[in-house]
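**Q** All letters in the sequence shown, in the order written, are residues 2 to 465 by our numbering.
Glycine included, each C-beta is placed from N, C-alpha and C at the ideal position.
As the structure is a prediction and not an experimental result, all values here were calculated from the model.
The structure that follows is given in the form of structure tokens.
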Amino acid sequence: MSLDPTTFETIVPSRYITFTFPNPLSHNHHLRVAVLDSPSSSAARIASMWVPPGRESDWIFSTFSGHLQLLLSSTTPHHLSRLILIGNPPVYSHPTSYSSTPYPSPNQSEEVEERLRPLLLGLTPKSAFYHKGICNSEFLQIPFLIYEDEVVGCAILEICEGPCAGEMLIENVAVETNTTKEFRRRLRFKRMPNLVQTQMRILPKNELDSVELNNLEFEIDNNVLVHPYLSPMVGGLSVTESHLEHRIKGGFRPKALCLGIGGGALLGFLSSQLNFDVTGVEKDEVVLRIAKKYFGLESNELIHLVVGDGIELVEQLAKNITDDCKFDVIMVDLDSSDVTLGVCAPPSEFVKKSVLQAAREVLCEHGVLVINVIPSSELFYKSLISEFEEVFEELCEIDVGNGENFVLMATVSKIENALNACEDSLLNKLKSVSGSYIGSIRKISRSANQESANSLLEAMRLEE
């Protein structure tokens with residue numbers, strides 16, 4: 002079915018259209034073109050993006066939700082109103098593996114862009130051609146964006162579907178930075194494919210020479226945290242280190258409640274490396290099955306797994322929990338399921354005053370709530386902080402430094418001075434995992450609490 006030439010003359014919020022178009026450099030082949038308009042109306046700002054060769058079937062580029070996240074997270078100077086993806090047609094059976102190949106050379110890119118210019122102009126809204134009432138189509142520039150990440154190869158282990166998370170995939174990937182190359186196992190959801198739910202380092206069991214990624218055997222490395230915000234979350238425990246150290250020296254294991262399990266990297270680390278007694282809550286039973294099968298998560302005397310809604314569980318516990326059953330730590334890693342917000346955490350349901358009050362009730366006197374935050378906007382973040390400040394005594398922040406994640410630590414009581422760190426102290430263990438992040442903890446100021454928080458942070462920096 003042919004497209005009406007006037008279809009793309011206006012921006013229609015959330016409209017998503019895909020079609021094929023003859024490849025200008027290869028007469029026997031076609032390109033897949035996908036056009037998505039922003040959910041919110043704005044000035045007509047257009048950009049296009051090459052789909053990385055070899056990754057055409059990746060949900061990031063072949064689905065509405067992935068395309069939407071690319072549009073919302075674009076780093077162009079202004080918010081985009083339309084993003085056009087151009088690439089080879091995807092293999093809809095979903096390949097079991099791929100190795101990424103380079104983009105065209107600069108000279109080739111210039112030729113392709115020049116030959117595609119008539120198409121891109123045809124996909125540009127009328128309003129983009131005019132500035133102060135004057136037509137400028139001759140000089141209109143439509144930027145070509147390049148998608149970059151560290152992934153250089155992938156082998157898909159399983160695609161399955163859960164009742165809550167929906168369709169998901171588990172994959173082994175090879176990642177390459179400027180200095181190193183390593184392998185990781187990842188869990189991603191189709192509803193938000195750009196967001197890696199879990200990733201853990203994996204170590205090859207066999208020789209790497211000329212062996213395809215999908216033919217390699219791996220074992221999970223539980224000794225490190227590679228997900229960008231998990232080390233900062235662990236480092237956030239330092240604001241209640243004095244209390245946790247006191248518990249450990251008294252012969253007790255600190256108790257942690259983890260809302261959101263994913264592959265279980267955080268639960269496993271808290272249990273195996275810090276000797277915590279951990280309870281994890283996951284809404285989707287299929288995600289739990291995946292965590293056990295592919296990420297080495299086990300249910301044992303130190304790790305207790307619960308299938309259920311974490312927010313509802315906290316509210317239920319708050320009604321009748323006794324002091325001896327309260328938790329020292331609550332770790333929250335829940336993302337929003339609203340794809341129109343892009344990548345966003347936590348869900349708005351968690352930031353209700355009644356939920357935060359319930360969380361405080363479930364914590365012990367010197368307990369802390371540590372939460373991963375991906376703000377959808379500055380207003381969202383300020384509102385979230387305001388809600389926390391109304392319920393908790395003190396609030397601190399770690400900027401993860403990736404332009405996306407923040408970690409907030411909300412305490413039930415005032416922050417105490419840090420103890421002197423002996424060789425086997427919890428503080429030394431936390432520093433070995435998250436030293437640079439502990440040094441960057443910032444008090445979200447309320448004048449009445451400033452002095453006590455500053456003394457803790459100063460003591461920690463002196464210990465380093």
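1. Does the Cβ-Cβ distance between Leu-427 and Ile-372 come in under 7 Å?
2. When the Cα of Leu-385 is compared with those of Phe-351, Gly-404, Lys-293, which residue comes out closest?
3. Distance check for Glu-379 and Glu-388, CA to CA, integer angstroms please.
4. Taking the C-alpha atoms as reference points, what is the distance between Ser-377 and His-28?
5. At which residues does the alpha helix (DSSP H) containing Pro-348 begin and terminate?
6. Identify every residue that forms a DSSP beta bridge with Ala-44.
7. Do the segment 346-365 and the segment 320-333 touch if we need at least three Cβ pairs shorter than 8 Å?
8. With distances taken between CB atoms, is the gap from Ser-435 to Ser-232 smaller than 7 Å?
9. Whether or not the segment 239-255 and the segment 218-229 are in contact is what I'm after, with contact meaning three or more pairs of Cβ atoms, one per stretch, closer than 8 Å; do they touch?
10. Taking its Cβ as the centre, do 16 or more other Cβ atoms sit within 10 Å of Gln-142, making it buried, or is it exposed?
11. Leaving out five residues on either side along the sequence, give the residues of the same chain with a beta carbon under 7 Å from the beta carbon of Pro-229.
12. Indicate whether Ile-12 and Pro-126 have their beta-carbon atoms separated by less than 7 Å.
13. So Ala-360 is in the alpha helix (DSSP H); what residue range does that whole segment cover?
14. Under three-state DSSP, which class holds Leu-420?
15. Which complete alpha helix (DSSP H) runs does the segment 365-438 hold, if anything under 4 residues is left out?
16. If we call anything under 7 Å between Cβ atoms a contact, is Gly-263 one with Thr-199?
17. Between the Cα of Phe-393 and those of Gly-440, Lys-430, Ile-445, spot the shortest distance and give me the residue it belongs to.
18. I'd like the list of long-range same chain contacts for Ser-414, defined as Cβ closer than 7 Å, with 5 residues on each side in sequence excluded.
19. Please classify Ala-292: does DSSP put it in a helix, a strand, or coil?
20. In the DSSP assignment, find the unbroken beta strand (DSSP E) run with Glu-10 in it and report its ends.
21. Report, in whole angstroms, the separation of the C-beta atoms of Ser-272 and Ile-304, which I expect to be a contact under 8 Å.
22. May I ask which residues mark the beginning and end of the beta strand (DSSP E) holding Asn-173?
23. How many angstroms separate the CA atom of Thr-180 from the CA atom of Glu-151?
24. Using only CA atoms, which one of Gln-358, Asn-216, Asp-278, Pro-348 lies nearest to Glu-316?
25. Give me the Cβ distance between Val-1 and Asn-195, rounded to the nearest whole Å; I'm assuming they're in contact under 8 Å.
26. Curious, which full-length beta strand (DSSP E) runs of at least 3 residues does the segment 252-306 contain?
27. Applying the 10 Å Cβ sphere with the 16-neighbour rule, what's the burial state of Ile-44?
**A** Reading it off the structure:
1. no
2. Phe-351
3. 14 Å
4. 43 Å
5. Counting along the chain, Pro-348 falls outside any alpha helix (DSSP H), and DSSP gives it neither H nor E.
6. For Ala-44, which the question treats as bridged, DSSP gives no partner whatsoever.
7. yes
8. yes
9. no
10. exposed
11. Val-401, Asn-403, Asn-406
12. yes
13. 354-363
14. Note on Leu-420: pLDDT 47, under 50, position unreliable in the model; the coordinate value appears next. Reduced to three states, the DSSP call for Leu-420 is coil.
15. 379-392
16. yes
17. Ile-445
18. Glu-366, His-367, Glu-394
19. helix
20. Where Glu-10 is concerned, there is no enclosing beta strand (DSSP E), given that its DSSP letter is neither H nor E.
21. 5 Å
22. 167-177
23. 12 Å
24. Gln-358
25. Outside the shown range of the chain (2 to 465) lies residue 1, about which nothing can therefore be said.
26. 256-260, 278-283
27. The amino acid occupying residue 44 in the given sequence is Ala; Ile does not appear at that position. Exposed.
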